[in-house]
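One structure below.
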Amino acid sequence: MRSNVVINFSSLLLASVFCLGIAACDSQKQTVASRGMQNLTAHYNILYNARELINESERNIQLATTDDYERLIPVYKEPAEATSLAEVKNLDEAILKANVIVNEKSRSNYVDDAYFLIAKANHLKANFYNASEFFTYVYKSYPEEKELRQAALAWMARSFIESERFTEAENTLDTALKYINTEKESVGDIYATRAQLHLYAREDEQAITLLEKAIKNAGNRQHKIRWTYLLAQLQQLKGDTEASYVNYTEVVKSNAPFDMAFNANLNRISIRNEQQGNKAERSQQLRALLKDDKNRDFIDQIYFQIANSYADENDIDQAIENYNAAVRNSTRNATQKGLAYLRLAEIYFDQSDFIRSKAYYDSTLAVLPKTYPDYDLINKKTANLETLADRLTIIAREDTLQMLAGLPEADRELRIGALVREQALKSITSAAGSTSNSSGPAQSSANPAGNGKFYFNNSVALNQGLIDFKKQWGNRKLEDNWRRSQKSATDITTPLSPDQAIAGNPFQQPVPDPVASNIEMIRRTFIEGMPLTAGQRIISDQKISDAYYDIGNYYRDVALDTLSALNTYEKLLKRFPENTNKLAVYYNLYRLHRNSNPERSEEFKNILLNDYPHSPFAKIIVDPLYDQKADEQEIAFNRFYNEAYNLYSNRQYTQVLSHIDGYGKSFTGRPMPAQLDYLRALAIGRTQQLPQLETAFKELIAAYPQDKLVVPLVKEHLTFIDSNREMIASRPVALVDNDPSRDRFVQEPVDLEPSAPGAMINAPVLASDQPPGKPEPEAVKPAEDSGFFVKEEGALFYFAVNITDPRVNLSSSRFGIGQFNRVNLPGSGIKHQLKSINNQNQLIFVGPFEGREAAQIYFNNISPMMKEIMKIPAAKYSMFFINQQNLDKITDRESLDRYVEFYKNNY
């Protein structure tokens, strides 16, 4: 019985152990099976599909990125935001698939690969910061994955370079090179990325060495071809033409992209002809490429290279012709077209044809992609050149108009008619030439600008103006009220698109009716622009004088062309010896002549020291630090004056006197300005009787015999005192608040609040060119609409001071303007008001004046005195004149800046 029990128990125990063993084996099998299934699905499903999406996006980005073979190509075609945008959906899907492996397939062997793909996708999306973080995680988290870690370092460095973190990129590559495993696929990428870093540092020799290593270890065939082309470029730059030729040949014989192979072949032709000294044959070989049908997409590049060969031989005419041919045949490569425009702009700049050069620079900027490396530099040069081109145009125009104004009326009409007919023929010829051959101005007459002497014979300037008009207004009919905004769509033809405006020719476009439109516009310009009166001649001379001065400054400061600057300043003095900038011109000539012509320099130095010893230029010669000291002293004086002004406006007259008495201690060696002395005299009148006030006024007149702002005002006060002596002498103090005639006596400081322009009475101008009794008849001129702002000569105008600081107190400055007006425009009704421009700027406006010419005369008279009048730094304000309609349109800083640009271009 017992034995049966023992046997049964033993059997049960063995059965239990057997079952546990089977269960354990089954659990182990399930774990292995689960990991195997995760590896299978991760590798052959999720990872494969994610990798395919990323590879597809990488190919698309590279196809969308165009190489500029006129420059060193980069080591890689790296993504940019613009080129990555179309691939964001694909790349986000790839990231999503990789995240599935990270989150749901964590037991698989491909989590590290998933993180690497996430990093690479971020790099291709141009999210370089995120990419570098993921690559760093891969490198630090998987120390056993040697190949993946090495590839992560290469890509990490690329992300650092693209985000301009060059120090981090260098440290990363140093680590990669220190532990580099030459049996891994990413070796070539590490050498190539380090070469790119050397290229950014302009270390070409080191880059060549590393590119040679990269080519030997390249794991990607297309990368190897690309690096070979880059190596050939570097060798060509360094003068190793034989090695360069060999590498270009390697590219030509490979399965390189056609554009790369094509450019490699162009460079081979250049190298061989240069080695053989036969540059003429180069253009013939290049022309032979034009006959090959497979090169039809590269005709613009062929013409560009032909033009380069002629330019190298100094055959400028042929170079211009072929650069224009490159422009005409450019259909798919905006960069190439922009470079052709750029070369033409540079040629005309070197020939001092600045108007034509400016137009070609404009076309360059219109066509060249803004991502082009030198785009900002070209833009800056164009902006500076615009000043030169505009000033040369002003001189040519005003000289022409003055010549016409000097002719007898009968001869003038004949001359205008002849010029109109001549220009009509030129316009028709230009239109026909533009229709049949859009190669640019180089295809027109040999000297279309008439040597730059006669503005209205300059088809370049005229046609450029016509194109600018059409860009804004389209092909409007020549008719009354053409500028009206209330016109139906059928009344206005379609405006030119930017491409139409510059395509092939930045100057000339087909003109539907050149005689009826362009030429009639020229005739009106003749008639309306001629300076027939003395006042108009003064304004015209001032425009020419200011233009010469600006040109001289351009040559001195921007072009750094000392000789041209000297010639321009000398010409200015010869034509206008008493121009308003003559002291500055003397000083510039003194400085510019110091090295080349010391005797001439000494001559101008003596003029300043002997004839104008109190001028700031003379003081700078004596004390080179005077300018800096003067600026600091001017700021301190303005502060001192404003404190005195505020005390007076607050009726603290005793404190005014005490404050001004301390002037000598604060400004040792500087005479008290007349305006401050005037405040002192007024404070005396507020605290003492007539004899003391009269004495203060007379002392002021004696102390400032040359003053034109305060002294004339004080003389008026003394005249009033003589007429009303008994009344004023009976007062306890000379100046009292309840004096009903005080406004006719003195002008005193008060707090002035901002105001808005409103209806004001018309006012006379400062001066007239007509003798008494013979008023000049006024011709009503139509308004010229230039878009947002209107140029209307006969409207009500204002003189305006634009102050860039919205918080500065302008009461004392307006007080000075009031003093000027009372002296120069007594009883005219001219007012000065203050307008806040959206709490961004302040605008003092003075007026109204009847017509632009009256405002211009006021501008010319007050401008020399503004430094004395304005009690704020000169850098904080600027001046212009403006008509009522345009003044009403200024509501914020943006519209104010737009008007300032409009003013510069039109006045």
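For what it's worth, this note's numbering labels the leading residue of the sequence shown as 250, then goes sequentially.
For every residue, glycine included, the Cβ atom is placed at its ideal position computed from N, Cα and C.
Check your understanding: Leaving out the 5 sequence neighbours to the left and right, which residues in its chain are closer than 6 Å to Asn633 when beta-carbon positions are compared?
Key -> Val807
Check your understanding: What does a CB cutoff of less than 8 Å around Asn1088 pick up in its chain, not counting 5 residues either side in sequence?
Key -> Pro1055
Exercise for review: Spatial neighbours of Ser850 within its chain, please: CB distance less than 7 Å, with the 5 preceding and 5 following residues excluded, ordered by chain position.
Suggested key: Tyr839, His842, Arg843
Review point. Per DSSP, what kind of secondary structure is Ala1049 in: helix, strand or coil?
Key: strand
Exercise for review: For Gln600, count neighbouring C-beta atoms within 10 Å of its own C-beta (all shown protein chains included) and say buried if the count is 16 or more, exposed if not.
Suggested key: exposed
Review point. Which class does Gly1096 belong to by DSSP, given the choice of helix, strand or coil?
Key: Strand.
Practice item. From the DSSP output, in three-state form, read off Lys792 for me. Key: helix
Point to revise | C-beta contact flag for Ile909 and Leu939 at 9 Å | key: Not a contact, by the Cβ cut-off of 9 Å.
Review point. Nearest-angstrom Cα distance between Pro1122 and Ile310?
Key: If I take the Cα positions, the gap works out to 53 Å.
Point to revise | Collapsed DSSP secondary structure at Ser606 in the structure displayed | key: If DSSP states are grouped into helix, strand and coil, Ser606 belongs with the helices.
Review point. In whole angstroms, what separates the C-alpha of Phe775 from that of Ile665?
Key: 7 Å
Check your understanding: Helix, strand or coil for Lys1080 per DSSP?
Key -> strand
Practice item. From the DSSP output, in three-state form, read off Tyr1126 for me. Key: strand
**Study point:** Simplified DSSP state of Val982, which is helix, strand or coil
**Key:** coil
**Study point:** Alpha-carbon to alpha-carbon, Ala814 and Phe1046
**Key:** 36 Å
Check your understanding: Using the C-alpha atoms, what's the distance from Asn828 back to Ala1103?
Key -> 21 Å
Check your understanding: Would you call Ser355 buried or exposed, if buried means 16 or more other Cβ atoms sit within 10 Å of its Cβ?
Key -> exposed
Practice item. Let me know the secondary structure DSSP gives Lys957 once reduced to three states. Key: coil
Practice item. Closer than 8 Å by C-beta to Pro571: which residues in its own chain qualify, once you throw out the five before and the five after it? Chain order, please. Key: Per the sequence presented here, residue 571 reads as Asn, with Pro not at that position. Here the set comprises Tyr552, Phe553, Ile555, Ala556, Tyr559.
Review point. Does DSSP classify Ser412 as helix, strand or coil?
Key: coil
**Study point:** Cβ shell of Lys778 (< 7 Å), same chain only, five flanking positions each side left out
**Key:** Reading off the sequence, residue 778 comes out as Gly, not Lys. Excluding residues within five positions, the ones whose Cβ falls inside 7 Å are Leu650.
**Study point:** Rounded straight-line distance, which links the Cα of Thr636 to that of Val985
**Key:** Rounded to the nearest angstrom, the two C-alpha atoms are 54 Å apart.
Check your understanding: Which same chain residues, not among the five before or five after Glu411, have their C-beta less than 7 Å away from its C-beta?
Key -> Glu327, Phe377
Point to revise | Pro873 - containing alpha helix (DSSP H), residue span | key: No alpha helix (DSSP H) holds Pro873; DSSP gives it neither H nor E.
**Study point:** Cβ-based burial, Gly1096 [other Cβ within 10 Å; buried from 16]
**Key:** Gly1096 is buried by the Cβ-count criterion.
Check your understanding: Is Ala945 closer than 9 Å to Phe916 when the C-beta atoms are compared?
Key -> Going by C-beta atoms, Phe916 is not nearer than 9 Å to Ala945.
Practice item. Please report how far the alpha carbon of Ala249 lies from the alpha carbon of Gln534, in whole angstroms. Key: Coverage of the chain is limited to positions 250 through 1156, which leaves residue 249 absent and any answer about it impossible.
Check your understanding: How is Val1149 classed by DSSP in three states: helix, strand or coil?
Key -> Val1149 falls in the helix class under three-state DSSP.
Exercise for review: Assign Gln1089 to one of three DSSP states: helix, strand, or coil.
Suggested key: coil
Practice item. Report the residue from Gly468, Asn544, Glu523 whose alpha carbon sits nearest the alpha carbon of Ala510. Key: Asn544
Practice item. Using alpha carbons as the reference points, say which of Glu769, Gly655, Thr477, Leu949 lies closest to Thr782. Key: Gly655
Exercise for review: Could you check if Leu312 is buried or exposed, using at least 16 other CB atoms within 10 Å of its CB as the buried criterion?
Suggested key: exposed
Review point. Should Thr1140 go down as buried or exposed, given a rule of 16 or more other Cβ atoms within 10 Å for buried?
Key: exposed
Review point. Would you call the segment 356-364 and the segment 318-334 touching, i.e. three or more CB-CB distances under 8 Å?
Key: no
Point to revise | Burial state of Arg577, where buried means 16 or more other Cβ atoms lie within 10 Å | key: buried
Review point. Quick one: what does DSSP say Thr739 is sitting in, helix, strand or coil?
Key: Low confidence applies to Thr739: its pLDDT is 35, below 50, so where it sits in the model is not reliable, and the reading given next is rough at best. Thr739 falls in the helix class under three-state DSSP.
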